[in-house]
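Protein chains in written order, with the numbering used here: chain A, 10 to 468; chain B, 2 to 533.
This is the structure we're talking about:
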C-alpha cells in the first residue's frame, strides 16, 4: 500500500490521453497520500508536487484529517506569509478548529487578518500553544523551540526549499512527518561555499528532502499528477522542460480558459505579443541582441509597456472557476525578474506609466504564488555570460509557471547562442545526485517553444 | 560583481593601474606573520617538492625534498617543517588574558558565564594564493592521522615525532580559512584583490605576479603590459621569468630543469649505495651532495621570487590603516586559536575525516553569520565600501530635513520620532522595511514609513533613545545632520542552537557511531572494467 505512484499508473502517457480524468487521478493520488500518512508504517511520507497541483489544499486536508484523528500536529512552513496563508485556509475550511500561530517576538509578526479568527491563538511562546490541535510556524521559529513534548505528527511544507540544516534543527520536535514540496523550484542556497560537504548524505546546504531520502530511502514517495493552475497550453512545456521524468497534466483542457480584450490591438509590438499570448498561452517579445547592464533600461521599459497595455485593453478572463468572465485587474498580473534591482527598476518604470497594484518580484519571492498573466524578464536577457545562478533550472521554472492564462517573456535576442557559448562546466562532485534536467537543457527547451510565439520589438 | 567594482576595473584598464576599492585595511596583519611558499610535485597529490618558510623577510628557511617520491625524505621534510612552524604556533600559547565565555551548565542546562583564558595574540600564516591554502589543508590531512613510534610501536611506517601535531594545526588553519573575514591563514592574492581592483578578471587575479604588476607596476609601464609579462615572459632557456606562485610548478621547469636534476640525484644515490670501498664512497657522497645542492638551488630559484612578492604585498597592505572592526574579527581568530590549543592540550583526537551532521550544520551557520557580519563591518568601516552598498540600493546617506516628535501607542508612551531624510541614493525600501545606522558604534534601528512627494525618505526611529519620555541627548538626529542608513543589520545574530551530535534525529541518520568515528564508506565494487 505504500507503493509510490509511478508515471504509468496515473495515465500520464500520451496513449492514455483520451481516458484521462484529471479530477479522478488527483483524488486517487490524494487518497493514497492520506492513507500512508494516517495509517502507514513509515515515519515519513514525501509528496512531490508540480506547480499549482493543489499542494496547499493537500496540506490543509491532511492537517484536518490528522487533527480529526486526535494527533497533535505541528506544521512547518518556510516564510511567515506561507504560515499566515495556511492558518487562513484552515480557518476557512473549519472555523472551530483550535489552531495555534507561533510567531516571532518582533513587531508585526503575523498578518492582522488572523486577529479576526476566534479559534486561532497567537503567541511567541510554544508553551502557551500546548494542547492545541494544530500549531503552525516557520522553520526558523520552530528551531528555537526547546524542551517541548514531541508532536506526534508534523507537516513540512515547501520541503524542497528547506535546507537540510533547518530540518536538523526541528526534526527532534516530531515523531513522524509528511513532507510536501515542489522539486522543480529553486533549490535552497547558502551565502558561503559549502563544497566541503558536497556528497555527504547530510550536506547542510542541500535540500531537506535530499537528506531525508538519503538516510531513509524506504520512505513512501508520492506525487500529485495534475496542475490545476497551469493551462493546457503551458503544462506540457513546463512538464517536458522541468519534470521530464515525472510528467504531469493540466487539469483543464484547451478552450476551458480564454483571455480576451475589449480594446483592439493598436499594431504595436506589445499589443501583438499580448494577442499572441492570449491566443496561445505564450508570447516572446524579442529585443535586438545587445549586452546590457542588469537593469537594461530598454527591456525594463518594454516590460512596463506590456503591463500598461494589458490593463488598458480591458482584459477579461474566463475559466472553469466561474461562469462569467472576470476582469483582468492589476492584482491578477505579476512581473517576474531574476534580481532585486531589476524588480526595483521595473517598479519604477511602472510608476512612470502610472501603473499600481501589479506585483513585481524576483523568482525567489514569487514561489508558490499564482496570477492570471505573468510578464517575465528573461534571466539571461542581455547578459554576456551564463552563470550557474542565471542558468538555475528552478529560477526559470518558477518564472514560467505562475500563470493561469498566459505568460509573456521579454528577452533580448541571442540567448540561444549565449547558451551554446556557455556549456555547463560545474565541477563534478562525487556522491552528489545529478539533477536533471540541468539549466542549460531546460533553457533551450523553453526557448525553442517560445520562438514559435515570437514578436519583434519595434521601438 | 557589484556595479562599483565593475567601474573600478574599467578605471584600472583605462589608467593602466589597479584602483583602490577600500580606504582601510579590512584584515588584521600580524606583526610577524609566518610566510609559507610551498611547491608540490607534478602528478602526485600531496607530495611536497620544497618550501620557503619563515618570519624573517631576509632569512627564509629553504626546505627541499630532493626525491619527492621517497617517503623517508618526505617525512624528513615534514619534520623539518614542523621544527619551523610548531615553535612559531606554540609561541602564542602561553601569553593569555582572562576572558568570559557563556557555556551551558551541564546540570541545569542554563547559559552561565565562565572565566576562561584567551591568548593575547595568535599566529598568522600567509601563503601566496588560494592554491596555497588548499595545499596547507592537504598537508594537514595527510599528516594528522599518522602515528609516531611513541604513539603506536607497531605502526609500520612511523612518522617523526611532531608531524601528526603539525597536521592537526595545519588542518585547523585550513578549516579556519573557510570562515569569511578570518585571518589565521590567508592568501596574499585574496588580501590584495580585496583592497585593489585590477584591470583583469578575478581568475587572472589569482596570479600573484600579475596582480602585483597591476597594483604596483614598474615606473613608466602600464599594468596590463607588466601583468602580461609576469604571466608569459620566458628567458632564453624557455623558463618563465616570473615563476608561478605555486604550489604547482611550470611544466617547462619540471621537464627541462627539475627532472634531469632529480635523475642525477637518483643516479648518485644508487651509485653511493653500490660503492665498494671507503674512497669510492667518499667521492660518490660528494656527487650526491652536489646533486642535492643543485635541486635546492632550483627550488630556491622558483620560490624566492614568490617569497619576495608576498612580502611586497605585505608592505603594500601595511600602508593602509587597519579598519576599526578588523580587530574584533581578529579576536575571533584568537578565540579559534585558543580553542584548538586547549583541544590539543586536553589530548583530544585529531579532527575527524568528515564532519558529522551537526558539526557540518553548525559550521555552515557560523560561516553564514560571519559572512553577513563581515559585509556589514566592512561597509561601516569604509566609506568606499559603503558607497558600493549605496549604489546597490542597500544603504542611503543624506541630510535630515525634518524631525517630528511622535510617541508609541502603549500605556507608557515611548518616543518614536519621525525623521525625514533627503537623499540622492535610491534604496530598495520595501513596505515597513527596517533600516539601521551606527550610533556611537551601536546600531540604532528605524522603520521606513513613506516617501515624501519630493522623494525624501520618512523614517520612524525605534530604539536607543533611553527609557524616559524624552529621548536621550544625541540619540535623535537633528535637522541638518548628515546620516547614513543601511538596509542590512549591523550585527547579524547566529541561528538557533542545534541538537547535540548524540541527539542527531532520524532524518539525518541518527547519532553517529558511539566511537565518534564517522562510518568509512565502502570502496566501490569491482567491475569488469577494473579488469580490462
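For each residue, glycine too, the CB sits at the ideal point set by N, CA and C. Bear in mind the structure is a predicted one, so any value in this text is a computation, not a measurement.
CB of residue 211 of chain B within 7 Å of CB of residue 228 of chain B, strictly: Taking the first residue of the second chain as 1, we reach residue 211 of chain B at position 210. Taking the first residue of the second chain as 1, we reach residue 228 of chain B at position 227. Cβ atoms of residue 211 of chain B and residue 228 of chain B: closer than 7 Å.
Residue range of the alpha helix (DSSP H) that includes residue 507 of chain B: For the purposes of this step, residue 507 of chain B is taken as residue 506 along the second chain, with counting starting at 1. Element bounds for residue 507 of chain B: n/a, residue is neither H nor E.
Three or more C-beta pairs below 8 Å linking the region 70-82 of chain B and the region 37-53 of chain B: A contact is defined here as three or more CB-CB pairs under 8 Å, and the region 70-82 of chain B meets this definition with respect to the region 37-53 of chain B.
Closest Cα partner of residue 536 of chain B within the set B:213, B:418, B:43: Outside the displayed span of chain B (2 to 533) sits residue 536 of chain B, for which this structure offers no information.
Residue 431 of chain A at chain B interface by Cβ criterion, 7 Å: If you number the first chain from 1, residue 431 of chain A lands on position 422. Judged by the 7 Å Cβ criterion, residue 431 of chain A is not in contact with chain B.
Simplified DSSP assignment, three categories, for residue 134 of chain A: For the purposes of this step, residue 134 of chain A is taken as the residue at position 125 of the first chain. It is coil, neither helix nor strand.
Distance CB(residue 115 of chain B)-CB(residue 104 of chain B) smaller than 7 Å: Within the second chain, residue 115 of chain B is the residue found at index 114, counting from 1. Within the second chain, residue 104 of chain B is the residue found at index 103, counting from 1. Contact: yes.
Runs of beta strand (DSSP E) wholly within the region 286-366 of chain A (minimum 3 residues, chain order): 291-296, 324-327, 342-346
Minimum C-alpha distance to residue 325 of chain B - residue among B:367, B:174, B:383: As a first step, residue 325 of chain B must be located in the second chain, where it is residue number 324. Closest option to residue 325 of chain B, judged by alpha-carbon separation, among B:367, B:174, B:383: B:383.
For residue 141 of chain B and residue 170 of chain B, the rounded distance between their alpha carbons: Taking the second chain and counting its residues from 1, one reaches residue 170 of chain B at position 169. Taking the second chain and counting its residues from 1, one reaches residue 141 of chain B at position 140. Between the alpha carbons of residue 170 of chain B and residue 141 of chain B lies a gap of roughly 7 Å.
Cutoff 7 Å: residue 361 of chain B Cβ touching any chain A Cβ: Here residue 361 of chain B refers to the residue found at position 360 when the second chain is read from its first residue. So, interface residue.
Assumed close pair residue 165 of chain B, residue 359 of chain B - CB separation to whole angstroms, cut-off 8 Å: Working through the second chain from its first residue, we reach residue 165 of chain B at position 164. Working through the second chain from its first residue, we reach residue 359 of chain B at position 358. Not really, about 26 Å apart at Cβ, beyond 8 Å.
Same chain, Cβ closer than 6 Å to residue 297 of chain B, five either side skipped, listed in chain order: To locate residue 297 of chain B, count along the second chain from 1; it is residue 296. Residues 65 of the same chain have their beta carbon placed closer than 6 Å to that of residue 297 of chain B, with the five preceding and five following residues left out of the count.
Cα-Cα separation between residue 208 of chain B and residue 202 of chain B, rounded to whole angstroms: Walking along the second chain from the start, residue 208 of chain B turns up at place 207. Walking along the second chain from the start, residue 202 of chain B turns up at place 201. Computed Cα separation, rounded: 11 Å.
Top-ranked residue by Cα proximity to residue 455 of chain B, from B:402, B:499, B:75: Stepping through the second chain from its first residue, residue 455 of chain B is reached at position 454. A check of alpha carbon separations from residue 455 of chain B across B:402, B:499, B:75 identifies B:402 as the nearest.
Counted within 10 angstroms of its Cβ, other Cβ atoms place residue 150 of chain A as buried (16 or more) or exposed: Looking up residue 150 of chain A in the first chain gives position 141. Residue 150 of chain A should be labelled buried.
Residue 280 of chain A to residue 37 of chain A span [Cα, whole Å]: In the first chain, residue 280 of chain A corresponds to position 271, counting from 1. In the first chain, residue 37 of chain A corresponds to position 28, counting from 1. Taking the straight line from one Cα to the other gives about 43 Å.
Contact set between the region 51-75 of chain A and chain B, restricted to residues whose Cβ is under 9 Å from the partner: 52, 53
Heavy atom of the ligand SAM within 6 Å of residue 470 of chain B beta-carbon: Of ligands this structure carries none, so the ligand SAM is not represented either.
Close-in-space but distant-in-sequence residues of the same chain around residue 122 of chain B (CB under 6 Å, 5 per side omitted): In the second chain, counting from the first residue as 1, residue 122 of chain B sits at position 121. Answer for residue 122 of chain B: 93, listed in chain order.
Proximity to residue 537 of chain B [Cα-Cα], best of B:481, B:343, B:51: Within the shown structure, residues of chain B are numbered from 2 to 533, placing residue 537 of chain B beyond reach of any answer.
Backbone secondary structure at residue 370 of chain B - three-state DSSP: By 1-based counting over the second chain, the position of residue 370 of chain B is 369. Looking at residue 370 of chain B - three-state DSSP - the assignment turns out to be helix.
Segment limits, alpha helix (DSSP H) that includes residue 331 of chain B: Start at 1 with the first residue of the second chain, and residue 331 of chain B comes out as number 330. Run containing residue 331 of chain B: 327-346, per the alpha helix (DSSP H) assignment.
Under the three-state DSSP convention, the category residue 102 of chain A falls into: As a first step, residue 102 of chain A is located in the first chain; it is residue number 93 there, counting from the start. Residue state, collapsed to three classes: helix.
Under 9 Å (Cβ pairs) to chain B, residues found in the region 211-223 of chain A: 211, 212, 213, 214, 217, 220, 221, 223
CA-to-CA distance, residue 99 of chain A to residue 172 of chain B, given in whole angstroms: On the second chain, position 171 is the one that residue 172 of chain B refers to. On the first chain, position 90 is the one that residue 99 of chain A refers to. Computed Cα separation, rounded: 52 Å.
Within-7 Å CB hit, residue 112 of chain B to chain A: Position 111 of the second chain holds residue 112 of chain B. No, no contact with chain A.
Spatial distance of residue 266 of chain A from residue 371 of chain A (CA atoms): Within the first chain, the letter at position 257 stands for residue 266 of chain A. Within the first chain, the letter at position 362 stands for residue 371 of chain A. If you draw a straight line from the Cα of residue 266 of chain A to the Cα of residue 371 of chain A, it comes to about 27 Å.
Status (buried if at least 16 other CB within 10 Å, exposed otherwise) for residue 16 of chain B: In the second chain, residue 16 of chain B corresponds to position 15, counting from 1. That one is exposed.
CA nearest to the CA of residue 370 of chain B, picked from B:89, B:489, B:479: Locating residue 370 of chain B in the second chain gives position 369, where the first residue counts as 1. Comparing Cα positions, the closest option is B:489.
Unbroken beta strand (DSSP E) run spanning residue 53 of chain B, endpoints: Residue 53 of chain B sits at position 52 when you count from the first residue of the second chain. Here the beta strand (DSSP E) through residue 53 of chain B covers 49-55.
Helix, strand or coil at residue 56 of chain A [DSSP, three-state]: Along the first chain, read from residue 1 onward, the residue named residue 56 of chain A stands at position 47. The DSSP-derived three-state label of residue 56 of chain A is strand.
Range of the contiguous alpha helix (DSSP H) that encloses residue 177 of chain A: Numbered from its first residue, the first chain carries residue 177 of chain A at position 168. From DSSP, the alpha helix (DSSP H) with residue 177 of chain A extends over 173-179.
Exposure label - residue 443 of chain B; buried when at least 16 CB within 10 Å: As a position in the second chain, residue 443 of chain B is number 442, starting the count at 1. Counting Cβ neighbours within 10 Å, residue 443 of chain B comes out exposed, since fewer than 16 surround it.
Contact list for residue 504 of chain B against chain A, beta-carbon separation under 7 Å: Walking along the second chain from the start, residue 504 of chain B turns up at place 503. 181, listed in chain order.
Residue 180 of chain B in three-state terms, based on DSSP: As a first step, residue 180 of chain B is located in the second chain; it is residue number 179 there, counting from the start. Look at residue 180 of chain B here: in three-state DSSP terms it is coil, with no helix or strand label.
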